[in-house]
Amino acid sequence: MKKLNLLFTAILLFGAVLMTNTYAQERQGPPKGDRKGPPPGGKHNPEQTKTLEEIGGYKIGDVATDFSLKNVDGNMVSLSSIKNAKGYIVVFTCNECPFAKMYEDRLIALQKTYAKKGYSVIAINPNSPENEDEGYAAMQKRAKEKGFNFPYLVDEGQKIYPQYGAVRTPHVFLLDKERKVQYIGTIDDNAKSAKDVKVKYLEDAINALEKGEKPNPNFTKAIGCPVKPSSK
């Protein structure tokens, strides 16, 4: 009988210890390595949150300064070098950002449709070449792999993207024939799925210019990865 009482007491003690450990683990949550989803605080929110005034780049109606940047084919490209232009689709994009990659095929399609109408795509990589995956050689490789039919320019010294106020990749600036900024923002309303797009903001803006009208809306929030400045 005494042995049975000791065994019963031992079982109770073991159960109490087990319940205490389980409760402690539940309060602590899963180990950090098993965390699901984005970290708290919205640090990886892909949506541009600052206003044009806060960003400090071009506003609607500003005249964009011309540039001369090196293309992946080794030639220098400027806005003035594009003949018979009725406007310019200046897109800040890059090699590695998932959002930029999602839009590559759409940029190719935009160039195919609108370049012949006078609105050429000019893609600029604003990211620091300190990251080899964003450097010139990587840009050349990416352009060849995807068959880019538009210039893909390196922002040497990262001097152009701050002038425009590009903060995400991709980030679009539609200019008219006089290089006045007429639309700033995102390409459409669905980065993840081209077939599920309901509003084509950029195309609507181009079509408005074709009709002699002002784009409406002329500003949307860019969706993508933050531009990565040099650490130097």
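Counting in this note's numbering, the sequence shown runs from 104 upward without gaps.
C-beta atoms are modelled at their ideal positions from N, C-alpha and C, and glycine is treated no differently.
No experiment lies behind these values; they were computed from the predicted model shown.
- Closest in C-alpha terms to Ser-181, from the list Lys-189, Leu-213, Met-205 and Pro-254, comes Pro-254.
- Counting the other CB atoms within 10 Å of its CB gives Met-179 a total below 16, which places it among the exposed residues.
- DSSP, read as helix, strand or coil, puts Phe-202 in helix.
- Remark: fewer than three beta-carbon pairs, one from each stretch, lie closer than 8 Å, so the region 230-244 and the region 299-316 are not flagged as touching.
- Residue burial annotation: Val-302 is exposed, with fewer than 16 other C-beta atoms found within 10 angstroms of its C-beta.
- If you ignore the 5 residues before and after Ile-158, its C-beta comes within less than 7 Å of the C-beta of Gly-268 and Val-270, all in its own chain and listed in chain order.
- Secondary structure of Arg-271 (DSSP, three-state): strand.
- Positions of the alpha helix (DSSP H) runs, each at least 4 residues long and wholly inside the region 292-325, are given as 304-313 in order along the chain.
- Using a C-beta cut-off of 8 Å, the region 190-197 makes contact with the region 277-285, since at least three inter-stretch Cβ pairs fall below that distance.
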